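Q:
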Amino acid sequence: MSFTLEIEAIRKVRGKYKNLRVMIPFVRTVDELARTVKIMESEGLKRSQDFKIWMMAEVPSNFIILEKFLEVGIDGISI
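First residue of the sequence shown: 98, per the working numbering; consecutive thereafter.
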């Protein structure tokens, strides 16, 4: 896994605070976002009422195919 330390940190914080929002930075492709969300889910970090997953929209493709990114299953974007 390419972001093991981040997953550990998120789990640790989530154990103490229940209103956590994770923002995934510099997403370039829909597949990249889908793989990231899938890894998080496999590690027990699933979207819920008190655990939100957001994406940072930083590259032009994020806006051109925004609906496809949203279909992956995220709670919001930050511009």
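For each residue, glycine too, the CB sits at the ideal point set by N, CA and C.
None of these values were measured; they are calculated from a predicted model.
Taking the C-alpha atoms as reference points, what is the distance between S158 and L102?
A: Translated into the one-based positions of the sequence shown, residue 158 becomes position 61. Translated into the one-based positions of the sequence shown, residue 102 becomes position 5. Each residue's Cα considered, the two are about 28 Å apart.
Q: If you follow the beta strand (DSSP E) that R108 is in, where does it begin and where does it stop?
A: Looking up residue 108 in the sequence shown gives position 11. Taken as a continuous stretch (DSSP letters only), R108 belongs to no beta strand (DSSP E), being part of the alpha helix (DSSP H) at 101-113.
Q: Specify the secondary structure class of K143 as computed by DSSP and reduced to three states.
A: One-based indexing of the sequence shown puts residue 143 at position 46. Of the three classes helix, strand and coil, the one that applies to K143 here is coil, per DSSP.
Q: Could you say which of D147, M120, V124 lies nearest to L163 if we only look at CA atoms?
A: Within the sequence shown, the letter at position 66 stands for residue 163. Checking every option, the nearest Cα to that of L163 belongs to V124.
Q: Comparing C-alpha positions only, which one of V169, E168, V156 sits nearest to S183?
A: Residue coverage of the chain in this structure runs from 98 to 176, which leaves residue 183 outside it and unanswerable.
Q: What does a CB cutoff of less than 6 Å around F148 pick up in its chain, not counting 5 residues either side in sequence?
A: Here residue 148 refers to the residue found at position 51 when the sequence shown is read from its first residue. The residues are L117.
Q: Pick helix, strand or coil for I174, following the three-state DSSP scheme.
A: Taking the sequence shown and counting its residues from 1, one reaches residue 174 at position 77. In the structure shown, I174 sits in a strand (DSSP, three-state: E or B).
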